[in-house]
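**Q** First the structure, which I've put down as structure tokens, then a few questions once you've had a look.
Protein chains: 2
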Amino acid sequence: MTLEAIRYTSGSLMLLDQLLLPNKSEYIQIKNTEDGWNAIKKMQIRGAPAIAVAGCLSLAVELIPKQFSNVKELVDFVVTKLEYLVTSRPTAVNMLDAAKLYTARMTEYAKQPDLTPDVIKNKIVTEIEQMLEDDVNVNKRMGQYGGEDILSGLGNSSATILTHCNTGSLATAGYGTALGVVRYLQSKQKLDHVYCTETRPYNQGARLTAYEIVYEKMPGTLICDSMVAMLMKKNKISAVIVGADRVVANGDAANKIGTYQIAIVAKHHGVPFYVACPSTTYDDTLPDGDHIVIEERPHGEMTSVNGTRIAAPGIGCWNPAFDVTPGELITGGIITEFGVFKPSELQQKIRQAKSK
Amino acid sequence: MTLEAIRYTSGSLMLLDQLLLPNKSEYIQIKNTEDGWNAIKKMQIRGAPAIAVAGCLSLAVELIPKQFSNVKELVDFVVTKLEYLVTSRPTAVNMLDAAKLYTARMTEYAKQPDLTPDVIKNKIVTEIEQMLEDDVNVNKRMGQYGGEDILSGLGNSSATILTHCNTGSLATAGYGTALGVVRYLQSKQKLDHVYCTETRPYNQGARLTAYEIVYEKMPGTLICDSMVAMLMKKNKISAVIVGADRVVANGDAANKIGTYQIAIVAKHHGVPFYVACPSTTYDDTLPDGDHIVIEERPHGEMTSVNGTRIAAPGIGCWNPAFDVTPGELITGGIITEFGVFKPSELQQKIRQAKSK
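Listed in order, the protein sequences are those of chains A and B.
Every letter in the first sequence is one number past the one before it in my numbering, and letter 43, counting from 1, is 43.
Heads up: take any position in the second sequence, counting from 1, add 1000, and you land on my numbering.
Next up, the structure:
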């Protein structure tokens, strides 16, 4: 059975508490947007696509049992809750986009005098539920496009992949973005090996990606973030594939801290560097990466592990959660559900695809 | 009072147990070479210069109370113990060099018929004790050469330094190699800021360098190994300074895993990259870095922190302790006790200096 980070049946939402992984697999019940906001903020669920799906589903489960006396009350309720959900993790664009989409929808529905609050509520709940299904389908298409692009450069050989952070079933509604490409390669018996970085300070690679690698019986190895350059010098790495928290108009990509460094090192060794980015993670309202606000997270993430102090008392820390990889370092391309594109052509290609 | 990793008075050797830092400062008593070998192997003491000094002093404390009935017995004893000490940490060249030096000395003394076992024993003990003093003096000269070289490129400004692993008082007999340069800058009121990496998987940066930074009241900040590129993009870094476990004839440098990656990233950002290498760490018997044997260490270092599992059960690991930075990436130069040299001219300069 595939790993599920989000378990949803109409009116009931359970999230796998990723803070307890890899030692315990426990689901937490999410009854409303406050529960959803907290789970995102505490990083019990993470990964830009999963955040949006889980956040919106937390709104759905809150909406389902609730009665509204008029349309305005319903619209105000939904819009306020969406705005609130966006504040849980500001760097991830998917939640913001979902909030904009559903806010626009609510405004539209409100203009139609024949729609009762109940009808509108059911429409919006159905649309949110559809997100979950769409996300998996988008990932599968990305997996195929990315996988075939990598294989096309390898003759008949299998691929050896390096990935960073967690972008698998645990970060999405299922299948995964960057790890979805690895999953596709495995399904075609074309995965020679996958390396994953620890991804300090939060260890998403060591805890989550490694967990998925073991769960899926992939041939895989964990390395420290500091070992990437030596790995590339010693072993033939076919490609680096990472996910994205936000890709902007010119193809610059914000992703987990450490991504930019891996891209520099990959270029130095001539290893193609890919960013897997569903179009929901693409944000062309920002011209380039300098406009992306980078979240800084608490120092305790660096100085302690599960309550054990690992750094000298009194030392100051700098803990940016993300960095920005300039488009010119994304040498393999940006993998979307519409195909693999150069960063410089991404805007045009996504516009074309969406206008079809 | 300066931090002391090695406390020695004739016949008594105490080592600060660095595995307990930064939470506890406890000294362990070393009574013989077996204690010394264990302390090095368990990494209670680490850093190439400190390993050699501590290893040889462990031989001195074993020799002092011991009686030998003839010269051959003494020579065999010393040579065997030196060979044994070399096996504790094979990558560090200093212990090997010290073993060669004292083995040659013993052979030489044995040829002089007027020397009794007691006289020879006292001579070798005195020479070993001199190592401790010499190491501190060498570091101070390196600090000044390196510090002045960095400042010469900054006009009247202060320096912002990034360092990796631990190369301070804890890694040497005192003062430090790369951190000795930082100490020199601080003493001249020319240290604007020092950043240190965590240095996964053993966290020597977070535990030891951060401890020294706090102890010496340096303006300093801890970062993860994955944050180097973003730090260089965001802040003006004057120089990277790292230590070395071994520098070979062509200027290639073996140092803590992650060093090679930082050198690539520094070159990408135009930040000068320095390696602090006392001539005792220079090994011109190997032509280039490809000939350096890299130690691989246990997986547990990566998967657990103080007994707490941090990686998914069942995942395979790769844990090389060192990597090799090619001389062409050492753009600032190699800092020795004789001056700062280009990697390509190192062999000639060290030969010249030693022949004076």
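Even for Gly, the Cβ is constructed at its ideal location relative to N, Cα and C.
From which residue to which residue does the beta strand (DSSP E) around A/S355 run?
**A** Premise fails: A/S355 lies in the alpha helix (DSSP H), 346 to 355, not in any beta strand (DSSP E).
**Q** At a CB-CB cut-off below 9 Å, which residues of chain B make contact with A/Q347?
**A** What A/Q347 touches in chain B: nothing, since even the nearest Cβ is about 23 Å away.
**Q** Find the residues of chain B that neighbour A/V228, judging by a C-beta separation of less than 7 Å, and give them in chain order.
**A** By Cβ distance, chain B contributes Q1261.
**Q** What does the alpha-carbon distance come out to for the pair B/L1222 and B/E1212?
**A** Going from the Cα of B/L1222 to the Cα of B/E1212 covers about 12 Å.
**Q** Against chain A, with Cβ distances strictly below 7 Å, would B/L1222 count as a contact?
**A** Closer than 7 Å to some Cβ of chain A, the Cβ of B/L1222 qualifies, so yes.
**Q** Taking only beta carbons into account, state which residues of the region 302 to 331 of chain A come closer than 7 Å to chain B, listed in chain order.
**A** Result list: M302, V305, N306, T308, R309, I310, A311, A312, P313, G314, I315, G316, C317, W318, P320, D323.
**Q** Grab me the residues of B/V1075's own chain with a C-beta within less than 6 Å of its C-beta, minus the 5 sequence neighbours each way, in chain order.
**A** Taken in chain order, the residues that qualify are M1106, A1110.
**Q** Could you check the C-alpha separation between A/L16 and A/L208 for me, to the nearest Å?
**A** Distance between the alpha carbons of A/L16 and A/L208: 12 Å.
**Q** In angstroms with no decimal places, state the Cα-to-Cα distance between B/A1312 and A/L21.
**A** Taking the straight line from one Cα to the other gives about 8 Å.
**Q** Find the residues of chain A that neighbour B/E1296, judging by a C-beta separation of less than 9 Å, and give them in chain order.
**A** Chain A residues near B/E1296: none, gap ~11 Å exceeds 9 Å.
**Q** If we call anything under 7 Å between Cβ atoms a contact, is A/A239 one with A/Y274?
**A** Yes, Cβ-Cβ distance for A/A239 and A/Y274 is below 7 Å.
**Q** What residues in the region 186 to 206 of chain A have a beta carbon less than 9 Å from any beta carbon of chain B?
**A** Residues passing the 9 Å Cβ filter: Y195, C196, T197, E198, T199, R200, P201, N203, G205, A206.
**Q** Nearest-angstrom Cα distance between B/Q1130 and B/T1280?
**A** One C-alpha to the other measures close to 14 Å.
**Q** In chain order, what residues of the same chain lie with their CB nearer than 7 Å to the CB of A/A50, ignoring the 5 residues before and after it?
**A** These residues qualify, in order along the chain: A5, I6, A171, T172, A173.
**Q** So A/H268 contacts chain B; which residues on that side make the cut at Cβ distance below 7 Å?
**A** I1264, listed in chain order.
**Q** Nearest to A/Q189 by CA position, among A/M232, A/R141, A/N156, is which residue?
**A** Answer by Cα proximity: A/N156.
**Q** What does the alpha-carbon distance come out to for the pair A/E133 and A/L57?
**A** If you take the alpha carbons of A/E133 and A/L57, they lie about 12 Å apart.
**Q** Please say whether A/A48 and A/D245 have beta carbons closer to each other than 7 Å?
**A** The answer is yes: Cβ separation under 7 Å.
**Q** Measuring CB to CB, does B/E1295 end up less than 7 Å from B/T1091?
**A** Yes, the Cβ-Cβ distance between B/E1295 and B/T1091 is below 7 Å.
**Q** Taking the DSSP output, what are the residues bridged to B/T1308?
**A** According to DSSP, B/T1308 bridges with B/V1305.
**Q** So the candidates are A/L115, A/G11, A/H269, A/T308; which of them puts its Cα closest to the Cα of A/N62?
**A** The sequence given here places Glu at residue 62 of chain A; Asn does not occur at that position. Of A/L115, A/G11, A/H269, A/T308, the residue nearest in Cα terms is A/G11.
**Q** With a CB to CB cut of under 6 Å and the five nearest residues on each side skipped, what residues in its chain are close to A/K81?
**A** Hits under 6 Å: T33, L59.
**Q** Please compile the residues from chain A whose C-beta is within a distance smaller than 8 Å of the C-beta of B/N1094.
**A** The premise fails here: B/N1094 is roughly 23 Å from chain A at the closest Cβ pair, so nothing lies under 8 Å.
**Q** If I measure Cβ to Cβ from A/I45 and keep anything under 6 Å in the same chain, skipping five residues before and after, which residues do I get?
**A** Closer than 6 Å at Cβ, skipping near neighbours: L15, A39, A54.
**Q** Rounded to whole angstroms, what is the Cα-Cα separation between B/K1234 and A/R309?
**A** Taking the straight line from one Cα to the other gives about 28 Å.
**Q** Within 10 angstroms of its Cβ, does A/T167 collect 16 or more other Cβ (buried), or is it exposed?
**A** By the neighbour-count rule (16 or more Cβ atoms within 10 Å), A/T167 is buried.
**Q** If you draw a straight line from the alpha carbon of A/F322 to that of B/R1351, how long is it in whole angstroms?
**A** Spanning the two alpha carbons is a distance of roughly 47 Å.
**Q** I need the DSSP call for B/M1230, collapsed to helix, strand or coil.
**A** In the structure shown, B/M1230 sits in a helix (DSSP, three-state: H, G or I).
**Q** Ordered along the chain, which non-local residues of its own chain (more than five positions away) have a Cβ less than 8 Å from that of B/M1142?
**A** Answer for B/M1142: T1177, G1180, V1181, A1276, P1278, I1335, T1336, E1337, listed in chain order.
**Q** Could you tell me whether the Cβ of B/P1113 comes closer than 7 Å to any Cβ of chain A?
**A** Closer than 7 Å: no.
**Q** Between B/Q1347, B/G1332, B/N1306, which has its C-alpha nearest B/L1019's C-alpha?
**A** Answer by Cα proximity: B/N1306.
**Q** Starting from the C-beta of B/V1078, find all residues in its chain whose C-beta is less than 8 Å away, skip the five residues before and the five after it, and write them out in chain order.
**A** So the qualifying residues of the chain are L1059, L1063, Y1102, T1103, M1106, I1124.
**Q** If we cut at 7 Å on Cβ distances, does A/D426 have a partner in chain B?
**A** Nothing about residue 426 of chain A can be read from this structure; chain A reaches only from 1 to 356.
**Q** From the DSSP output, in three-state form, read off A/Y195 for me.
**A** In this structure, A/Y195 counts as strand in the three-state DSSP scheme.
**Q** Hey, does B/P1022 have any beta-carbon neighbour from chain A nearer than 7 Å?
**A** Judged by the 7 Å Cβ criterion, B/P1022 is in contact with chain A.
**Q** Quick one: is A/Q204 buried, meaning 16 or more other Cβ sit within 10 Å of its Cβ, or exposed?
**A** Buried.
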